[in-house]
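Trainee:
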Amino acid sequence: MSTAQQGTTRVSAGTYTPNPGAAPLSRMIAAQAALETKMLLRNGEQLLLTVIIPTLLLVLFSAVDIVDTGDGKAVDFLAPGILALAVMSTAFTGQAIATGFERRYGVLKLLASSPLPRWALMTAKTLSVLVTEVLQVILVTVIAFALGWSPHGNPLAVLLLLVLGTAAFSGLGLLMAGTLKAEATLAAANLVFLLLLVGGGVIVPLDKFPDAAQSVLGLLPISALSDGLRDVLQHGAAMPWGDLGILAVWAVLGLGAAARFFRWE
Amino acid sequence: MRSEPVVRIQSLVKRYGTKTAVDGLDLEASAGITAVLGPNGAGKTTTIETCEGYRRPDAGTVRVLGLDPVAQSGELRPRLGVMLQSGGVYSGARADEMLRHVAKLHAHPLDVDALIERLGLGSCGRTTYRRLSGGQQQRLALAMAVVGRPELVFLDEPTAGLDPQARRATWDLVRDLRSDGVSVILTTHHMDEAEELSDDVAIIDAGRVIAQGSPEQLCRGGAENTLRFIGRPGLDVASLLKALPADSAAAELTSGSYRVSGKIDPQLLATVTSWCAQHGVMPDRISVERHTLEDVFLELTGRELRG
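Residue numbers (the numbering used here), protein chains in the order written: chain A, 1 to 265; chain B, 1001 to 1307.
#1: Output the residue ranges of the beta strand (DSSP E) runs that lie fully inside the segment 1132–1177 of chain B and measure 3 residues or longer, sorted by chain position.
#2: Return the residues of the segment 1084–1095 of chain B that lie within a Cβ-Cβ distance of less than 8 Å from chain A, sorted by chain order.
#3: Within 8 Å of any Cβ in chain B, is that where the Cβ of residue 55 of chain A sits?
#4: Where does residue 1040 of chain B land, buried or exposed, given buried means 16+ other C-beta within 10 angstroms?
#5: Give me the chain B residues within the contact set of residue 106 of chain A, using Cβ-Cβ distance strictly less than 9 Å, ordered along the chain.
#6: At least one CB of chain B closer than 8 Å to the CB of residue 154 of chain A: is that the case?
#7: With the cut-off set at 8 Å, would you say residue 1107 of chain B and residue 112 of chain A are in Cβ contact?
#8: Taking C-beta to C-beta, are residue 1286 of chain B and residue 1241 of chain B nearer than 8 Å?
#9: Apart from the five residues just before and just after residue 1099 of chain B, which ones in its own chain have a Cβ nearer than 8 Å to its Cβ?
#10: Which residues in chain B have a C-beta closer than 7 Å to the C-beta of residue 50 of chain A? List them in chain order.
#11: Roughly how many angstroms lie between the CA atoms of residue 1058 of chain B and residue 1008 of chain B, to the nearest whole one?
#12: When the Cα atoms are used, what is the spatial distance from residue 1001 of chain B to residue 261 of chain A?
#13: Residues in the segment 13–47 of chain A with C-beta within 7 Å of chain B's C-beta atoms, listed in sequence order?
#14: State the CB to CB distance for the pair residue 226 of chain A and residue 200 of chain A, rounded to an integer number of angstroms; the pair is presumed to be in contact (CB under 8 Å).
#15: Please check if any C-beta of chain A sits within less than 8 Å of the C-beta of residue 1062 of chain B.
#16: Between residue 1275 of chain B and residue 1247 of chain B, what straight-line distance do the alpha-carbon atoms span, to the nearest angstrom?
#17: So, is residue 145 of chain A buried or exposed, given that buried needs 16 or more other C-beta atoms within 10 angstroms?
#18: By a C-beta neighbour count over all protein chains shown, 10 Å radius and 16 as the cutoff for buried, is residue 235 of chain A buried or exposed?
#19: Using beta carbons (cut-off 8 Å, strictly below), is residue 1006 of chain B in contact with chain A?
#20: Could you tell me which of A/196, A/90, A/69 and A/72 sits nearest to residue 133 of chain A, measuring between CA atoms?
#21: For residue 1232 of chain B, tell me which candidate among B/1257, B/1010 and B/1213 has the shortest Cα-Cα distance.
#22: On the DSSP bridge list, what partners appear for residue 1213 of chain B?
#23: From the DSSP output, read off the bridge partner residues of residue 1062 of chain B.
#24: DSSP three-state call for residue 1250 of chain B: helix, strand or coil?
#25: For residue 1019 of chain B, list the residues DSSP reports as bridge partners.
#26: List the whole-angstrom C-beta distance separating residue 1052 of chain B from residue 1080 of chain B, where the pair is believed to meet the contact cut-off of C-beta under 8 Å.
#27: Can you tell me the Cα-Cα spacing of residue 35 of chain A and residue 1263 of chain B, whole angstroms?
#28: If we count the other Cβ atoms within 10 Å of its Cβ and call it buried at 16 or more, is residue 1127 of chain B buried or exposed?
#29: Could you spell out where the alpha helix (DSSP H) holding residue 138 of chain A opens and where it closes?
#30: Within the 8 Å Cβ cut-off, does residue 1054 of chain B reach chain A?
#31: Do you know whose CA, among A/245, A/21, A/167 and A/53, lies nearest residue 267 of chain A's CA?
#32: Quick one: does residue 1228 of chain B have its CB under 8 Å from some CB of chain E?
#33: Give the interface partners of residue 1074 of chain B over in chain A, defined as CB-CB distance under 8 Å, in chain order.
#34: Using a beta-carbon distance cut-off of less than 7 Å, what residues from the segment 1116–1148 of chain B approach chain A?
#35: Below 8 Å on the Cβ atoms is my guess for residue 221 of chain A versus residue 168 of chain A; work out the distance and round it to an integer in Å.
#36: Opposite residue 1260 of chain B in the DSSP bridges: which residues?
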């Protein structure tokens, strides 16, 4: 193990000479967001959740009259609900499961020792969720138009609802991912997805439930999001303040609790 | 020629609940390769992870490159390379994809393609992380630790589970890092790894450093080395002892089985054989035992290192 001997076997001396430094923040965040999005779009289960299920539900329930969606075309009722579902599937279920396993497999831990600050990692995750949602909204919108959708209302109100909904669901998803075991997160996130799909006014109108249940279900973030989107897109409401308020409360609670209780390992 | 230490740990205490993982540990590591050697559960990983900023000390101080790993984490992290004991990669990511990503987080990364070739990761192709072999996962983790051209690299059990060839390749890379001026701190419970690679070894047991020095110093300083031979029973051990250097010892262990201990060098071997010649003894089965770190550990703790 003499140094001279190593010298002769070296490919090129000086290759590893230290030259440390963090990349510019914007480059790190962009790279991280791109990788997170790629991982999400490559994952079959995630695609089932974020693309296939919302699309199938939209097409199926628009074409077949299973649920009484009230007056007007079924798609006018369904499209806003499916948009809400898309937000929930990405910001909550998808993000919770992915982050839970990243935590379990030490990805979060490794990144915590990289030059990427934690807040920048969370920013990248949010960007990745937003990019995915934009793709989902485009897909759902195109399909809904093909099914004869005629939306109304203020695009700004829609955007505000989507953003607040994303914040609320991200907080809850990260809270789950950062506190439970990965397997528990997987199970719970899917279960919650299913329950909120049924009981959150996505495809089944809330007025089909008993009065007592309605007042509780109406406070769920998914109900507020689907109801708010429906108010604007189906009924042309200007600004659904009540639903926005519910989502804001969930966002503050969820993100606050996630920030407080999230464990990186 | 000891330069400013790259790691300085003073009186570190770290508890998990009621269990004390690190119990008043002092450690200074200079530039070069430092091996932290000890049995499983000795506190190696906790110590390293405190240096990496993952754990907050319950007591004591830790400085890495002169910085506080928790309070000055933002300044320190770009200068470090970290290889975790396992994991750290998106299960759906390919090896080259993950390595390129870590490279993008650094300002002046290594040439990723050259590193992939150097560590034989080219054969991973489009395979995602979860389907790579254990050895491939280890090599990827090593590559990720060095790709940012750090000043100091922490390797937690870098060769655990590797076949001998992959182990050699890892050792070669670690030596190249050192020749290029990168400091390396690695944990291991393989004493041969510590002996082969390191300039300095810190032996950890029960959350404390129980010995530190170069492998040669430790092997010399701990137990004495021995020479054994078989001869006629009842040789005059006192006469043999007179012929030997002052700090030696000699004894007939069982009938006809002799042990000489002390500084075993060619001179001493010659002294023993010439004494035997003078006394008409044919020394049979002469054997020399030089102590290994394993022996040092056994001597210090009364226990085997692996066990």
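Backbone N, C-alpha and C define an ideal beta-carbon position, used for all residues, glycine too.
Mentor: According to the structure shown:
#1: 1152–1156
#2: 1084, 1086, 1087, 1088, 1089, 1090, 1091, 1092 and 1093
#3: Counting from one through the first sequence, the residue named residue 55 of chain A turns up at place 55. It does not: the Cβ of residue 55 of chain A has no partner Cβ on chain B nearer than 8 Å.
#4: Locating residue 1040 of chain B in the second sequence gives position 40, where the first residue counts as 1. Label assigned to residue 1040 of chain B: exposed.
#5: Residue 106 of chain A sits at position 106 when you count from the first residue of the first sequence. Simply 1084, 1085, 1086, 1087, 1088 and 1089.
#6: Translated into positions along the first sequence, residue 154 of chain A becomes position 154. No, residue 154 of chain A lies away from the interface with chain B (no Cβ there is under 8 Å from its Cβ).
#7: Counting from one through the second sequence, the residue named residue 1107 of chain B turns up at place 107. Counting from one through the first sequence, the residue named residue 112 of chain A turns up at place 112. Going by C-beta atoms, residue 1107 of chain B is not nearer than 8 Å to residue 112 of chain A.
#8: Residue numbering aside, residue 1286 of chain B sits at position 286 when the second sequence is read from its first letter. Residue numbering aside, residue 1241 of chain B sits at position 241 when the second sequence is read from its first letter. Contact flag unset, no.
#9: As a first step, residue 1099 of chain B is located in the second sequence; it is residue number 99 there, counting from the start. Excluding positions up to five away in sequence, the list reads 1112, 1115, 1116, 1121, 1140, 1143, 1144 and 1147.
#10: Position 50 of the first sequence, counted from the first residue, corresponds to residue 50 of chain A. What residue 50 of chain A touches in chain B: nothing, since even the nearest Cβ is about 15 Å away.
#11: As a working note, residue 1058 of chain B is residue 58 in the second sequence. As a working note, residue 1008 of chain B is residue 8 in the second sequence. The straight-line gap from Cα to Cα measures roughly 16 Å.
#12: Here residue 1001 of chain B corresponds to residue number 1 of the second sequence, with the count starting at 1. Here residue 261 of chain A corresponds to residue number 261 of the first sequence, with the count starting at 1. Legend: pLDDT at residue 1001 of chain B = 44, less than 50; position of this residue unreliable, value from coordinates given subsequently. Each residue's Cα considered, the two are about 48 Å apart.
#13: 13, 14, 15, 16, 17, 18, 19, 20, 21, 22, 23, 27, 28, 31, 35, 39, 42 and 43
#14: For the purposes of this step, residue 226 of chain A is taken as the residue at position 226 of the first sequence. For the purposes of this step, residue 200 of chain A is taken as the residue at position 200 of the first sequence. Sure, about 6 Å apart at Cβ, within 8 Å.
#15: Position 62 of the second sequence holds residue 1062 of chain B. With 8 Å as the cut-off, residue 1062 of chain B does not count as an interface residue toward chain A.
#16: Counting from 1 along the second sequence, the entry for residue 1275 of chain B is found at position 275. Counting from 1 along the second sequence, the entry for residue 1247 of chain B is found at position 247. So the alpha carbons of these two residues sit roughly 17 Å apart.
#17: Position 145 of the first sequence, counting from 1, holds the residue named residue 145 of chain A. Exposed, because fewer than 16 other Cβ atoms sit within 10 Å of the Cβ of residue 145 of chain A.
#18: Counting from 1 along the first sequence, the entry for residue 235 of chain A is found at position 235. Residue 235 of chain A should be labelled exposed.
#19: Along the second sequence, one-based indexing puts residue 1006 of chain B at 6. Cβ-Cβ to chain A under 8 Å: no for residue 1006 of chain B.
#20: Position 133 of the first sequence holds residue 133 of chain A. The residue with the shortest Cα to Cα distance from residue 133 of chain A is A/90.
#21: If you number the second sequence from 1, residue 1232 of chain B lands on position 232. Residue 1232 of chain B has its Cα closest to that of B/1257, out of B/1257, B/1010 and B/1213.
#22: Translated into the one-based positions of the second sequence, residue 1213 of chain B becomes position 213. Partner(s): B/1201.
#23: The residue labelled residue 1062 of chain B in the question sits at position 62 within the second sequence. In DSSP, residue 1062 of chain B forms a bridge with B/1009.
#24: Taking the first residue of the second sequence as 1, we reach residue 1250 of chain B at position 250. If DSSP states are grouped into helix, strand and coil, residue 1250 of chain B belongs with the strands.
#25: Taking the first residue of the second sequence as position 1, residue 1019 of chain B is located at position 19. Residue 1019 of chain B pairs with B/1016.
#26: Within the second sequence, numbered from 1, the residue matching residue 1052 of chain B stands at position 52. Within the second sequence, numbered from 1, the residue matching residue 1080 of chain B stands at position 80. About 7 Å separates the two Cβ atoms, so the contact holds.
#27: Walking along the first sequence from the start, residue 35 of chain A turns up at place 35. Walking along the second sequence from the start, residue 1263 of chain B turns up at place 263. Roughly 60 Å between the two C-alpha positions.
#28: As a position in the second sequence, residue 1127 of chain B is number 127, starting the count at 1. That one is exposed.
#29: Position 138 of the first sequence, counting from 1, holds the residue named residue 138 of chain A. It spans 118–146 - the alpha helix (DSSP H) in which residue 138 of chain A sits, taken as one unbroken run.
#30: Taking the first residue of the second sequence as position 1, residue 1054 of chain B is located at position 54. It does: the Cβ of residue 1054 of chain B has a partner Cβ on chain A nearer than 8 Å.
#31: Here chain A has residues from 1 to 265 only, and residue 267 of chain A is not among them.
#32: Any reference to chain E falls outside this structure, whose protein chains are A and B.
#33: Here the question's residue 1074 of chain B lines up with position 74 in the second sequence. The answer, in chain order, is 117.
#34: 1146 and 1148
#35: Counted from its first residue, the first sequence places residue 221 of chain A at position 221. Counted from its first residue, the first sequence places residue 168 of chain A at position 168. Confirmed, about 5 Å.
#36: Position 260 of the second sequence, counted from the start, is the residue given in the question as residue 1260 of chain B. Beta-bridge pairing links residue 1260 of chain B to B/1227 and B/1250.
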